[in-house]
Amino acid sequence: MTTTRRDFLTAAVTAAGAAVTPGHTLAHEHTHDHDHDHQVVPSDPALRVKALESLLVEKGLVDHAALDALIDTYEHKVGPRNGARVVARAWADPEYRQRLLTSSDAAIAELGYGGLQGEHMVVVENTPRVHNLVVCTLCSCYPWPVLGLPPVWYKSAAYRSRSVIDPRGVLREFGLYLADDVEVRVWDSTAELRYLVLPERPSGTEEMSEAEMAGLVTRDAMVGVAKIAAPVEGGAA
Amino acid sequence: MGPIQPEKNEPVFHEPWEGRSYAVTRAMGAWGRWNLDASRFQRELIAPVDYFRMGYYERWIAALTELMLKTDLITSTELESGRPDPRSAKQHPPLTAEKVPFLVAKGIPARRNVQVAACFTVGQTVRARNIHPVGHTRLPRYARGRTGTIDRDHGVFLFPDTNALFLGEKPQHVYSVRFAACELWGDQASPKDSVYLDLWDDYLEPARIDSAV
Numbered sequence: 004m005t006t007t008r009r010d011f012l013t014a015a016v017t018a019a020g021a022a023v024t025p026g027h028t029l030a031h032e033h034t035h036d037h038d039h040d041h042q043v044v045p046s047d048p049a050l051r052v053k054a055l056e057s058l059l060v061e062k063g064l065v066d067h068a069a070l071d072a073l074i075d076t077y078e079h080k081v082g083p084r085n086g087a088r089v090v091a092r093a094w095a096d097p098e099y100r101q102r103l104l105t106s107s108d109a110a111i112a113e114l115g116y117g118g119l120q121g122e123h124m125v126v127v128e129n130t131p132r133v134h135n136l137v138v139c140t141l142c143s144c145y146p147w148p149v150l151g152l153p154p155v156w157y158k159s160a161a162y163r164s165r166s167v168i169d170p171r172g173v174l175r176e177f178g179l180y181l182a183d184d185v186e187v188r189v190w191d192s193t194a195e196l197r198y199l200v201l202p203e204r205p206s207g208t209e210e211m212s213e214a215e216m217a218g219l220v221t222r223d224a225m226v227g228v229a230k231i232a233a234p235v236e237g238g239a240a
Numbered sequence: 115m116g117p118i119q120p121e122k123n124e125p126v127f128h129e130p131w132e133g134r135s136y137a138v139t140r141a142m143g144a145w146g147r148w149n150l151d152a153s154r155f156q157r158e159l160i161a162p163v164d165y166f167r168m169g170y171y172e173r174w175i176a177a178l179t180e181l182m183l184k185t186d187l188i189t190s191t192e193l194e195s196g197r198p199d200p201r202s203a204k205q206h207p208p209l210t211a212e213k214v215p216f217l218v219a220k221g222i223p224a225r226r227n228v229q230v231a232a233c234f235t236v237g238q239t240v241r242a243r244n245i246h247p248v249g250h251t252r253l254p255r256y257a258r259g260r261t262g263t264i265d266r267d268h269g270v271f272l273f274p275d276t277n278a279l280f281l282g283e284k285p286q287h288v289y290s291v292r293f294a295a296c297e298l299w300g301d302q303a304s305p306k307d308s309v310y311l312d313l314w315d316d317y318l319e320p321a322r323i324d325s326a327v
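Line order of the protein sequences matches chains A and B.
Note that my numbering has the first sequence beginning at 4, numbered continuously upward.
Note that my numbering has the second sequence beginning at 115, numbered continuously upward.
If you want it as structure tokens, here you go:
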């Protein structure tokens, strides 16, 4: 535990390009202008973050209620249900679909979505011949206003590296087997454009309302690692 | 790298401290002492052995801590004692709960409404420069030296390489550039597939005829 605590301090204090030598992981083996033995930064991330937050609140640098509001926003208000509404609208309304593909920001804003990490949106459409897959190989870029914060797998080294090299293999791991004649387009979110996949509308939805269709749309389909299954017989249709 | 491991019914935050880390990072960003690219760069500066050991939000906190120290928002003594320097005056947070909905809804646009000539046109064959910046860059290694086609012009955006180092925004065009999967990965890739990257003017050069061969 002590080593973890010291590693955190080492990372925090020396991260700016300084080489972290093996000796740095043992506080007593290196010299600093302060004494690590007197520091009270806890080892566990939960305690560490709590101590940091409390310091920042005491200094008047952050507002406790603002932190609660941010967390509440992404736990309860902004998530893949937003994107599902966009997709269902595009399925229901061909003119909206056209606007969504050509002026994505404005079309998404029509439903009241936009903003942080979705300031500049691009929507790419799946068809029987083309399958789109979204990744951020450099970090974890993801369209927050329509999908919320990214899941752990999207941020994992495995997904980030393998999805560009072997997209078909990655899709197979998600249970999606594409025919050889389907074209795969991988979108690496290297700039400030954020990508949303418009999945194919499944059969059996002809009589469904927009809200019912939105209920079928999954996060994974809007990232491009899944298709949307046709509704089960005797269901909402 | 191993298999992708999706988690069923994954929560937004696995532990309360992850949510606090996320929120503290966003709230401290409101001080305007750094920008998104500087934050990303700071996370990239974490030593690789630590980077892969840490969880995602542990990296955020490590980078945030360093940025706060660098910009004198906190001191190392305060960090270690957990208490404010008694000589420092209490401040007023720029991000209050009332302002959160505006931040979320408005975001922090990276597009710049300035007239900058585009160096390339849609349909043009280009090559990603074979450059190796020591600072922050958004030009992935796997594309460097590879030939692709301008698929669309996204317009003018600030340039991360200079922005991350506080050397100016250097606004320029960003393009969606299509690279054939075989150009990037060789014959093991499907000839039908492609990878699209969003690349700035400074990352690209016109492709010479011989480079396409």
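Just so it is clear, CB atoms sit at the ideal spot from N, CA and C, and this is done for glycine as well.
Fair warning: this is a prediction, and the values are worked out from it, not measured in the lab.
Within chain A, P154, V155 and W156 have C-beta atoms less than 8 angstroms from the C-beta of E121/B, given in sequence order. For G117/A, a Cβ of chain B is located within less than 8 angstroms of the residue's own Cβ. In this structure Q101/A is exposed. Its beta-carbon is surrounded by fewer than 16 other beta-carbon atoms within 10 angstroms. Within the segment 267–293 of chain B, the residues whose Cβ lies closer than 7 angstroms to some Cβ of chain A are H268, F271 and V288, listed in chain order.
E319/B places its beta carbon less than 8 angstroms from that of V240/B.
In the pairwise beta carbon analysis, the segment 306–322 of chain B is classified as touching the segment 244–258 of chain B: at least three pairs are separated by under 8 angstroms. Going by C-alpha positions, K53/A is about 7 angstroms away from W131/B. Looking from the CA of P285/B, the closest CA among W190/A, G227/A and E195/A belongs to E195/A. D191/A reaches chain B at P254, V309, Y310, L311 and D312, counting residues in chain order whose Cβ is nearer than 8 angstroms.
Closer than 8 angstroms to the CB of I245/B there is not a single CB belonging to chain A.
When only Cα atoms are considered, L119/A and S106/A end up about 18 angstroms apart.
At a cut-off of 8 angstroms, the C-beta of S107/A has no neighbouring C-beta in chain B.
Against chain A, the CB of P200/B has no partner CB under 8 angstroms away; the residue lies outside that interface. Measuring C-alpha to C-alpha distances from L181/B to each of M168/B, D151/B and R201/B identifies D151/B as the nearest.
Around the C-beta of M115/B, fewer than 16 other C-beta atoms lie within 10 Å, and the residue is accordingly described as exposed. The segment 140–159 of chain A makes contact with the segment 194–210 of chain A: 3 or more CB pairs, one atom from each, lie closer than 8 angstroms.
Rounded to whole angstroms, the separation of the alpha carbons of Q302/B and A321/B is 24 angstroms. In the assembly as shown, G146/B is an exposed residue. Its beta-carbon has fewer than 16 other beta-carbons within 10 Å. V65/A sits away from V137/A, with the two beta carbons spaced by 8 angstroms or more. Chain A has no Cβ within less than 8 angstroms of the Cβ of G300/B.
Within the same chain, and ignoring the five residues on either side of L279/B in sequence, the residues whose Cβ sits closer than 6 angstroms to its Cβ are G249.
Distances from the CA of D223/A to each of L179/A, K62/A, V125/A and V133/A were compared; the closest alpha carbon is that of L179/A.
Going by DSSP, A242/B is part of the beta strand (DSSP E) stretching over T239 to A242. In the DSSP assignment, W147/A falls outside any beta strand (DSSP E) and lies within the alpha helix (DSSP H) extending over W147 to L150. Per DSSP, A194/A lies in no beta strand (DSSP E) segment and is marked neither H nor E. Between E186/A and D307/B, the C-beta gap is smaller than 8 angstroms, which places the two residues in contact.
Any Cβ of chain A closer than 8 angstroms to the Cβ of G259/B would place that residue at the interface, and such an atom is absent.
In this structure I175/B is in contact with L55/A, their Cβ atoms being roughly 7 angstroms apart against a cut-off of 8 angstroms. Just measuring C-alpha positions, the residue of G63/A, D75/A and H67/A sitting nearest A203/B is G63/A.
Look at the segment 116–141 of chain B: the residues with a C-beta under 9 angstroms from a C-beta of chain A are G116, P117, I118, Q119, P120, E121, E124, P125, V126, F127, H128, E129, P130, W131, E132, G133, R134, S135, Y136, A137, V138, R140 and A141. For the 8 angstroms CB-CB criterion, Q156/B and A177/B form a contact. Between the C-alpha atoms of V228/A and P154/A there is a straight-line separation of about 13 angstroms. S57/A sits close to G196/B, with the two beta carbons spaced by under 8 angstroms.
Contacts between Q120/A and chain B, judged by CB atoms closer than 8 angstroms, involve G221 in chain order. Within the segment 207–233 of chain B, those residues whose Cβ lies closer than 8 angstroms to any Cβ of chain A are, in chain order, P207, L209, T210, A211, K213, V214, P215, L217, V218, A219, K220, G221, I222, P223, A224 and R225. Residue ranges of uninterrupted beta strand (DSSP E) with 3 or more members, entirely inside the segment 220–280 of chain B and ordered along the chain, are 239–242 and 261–271.
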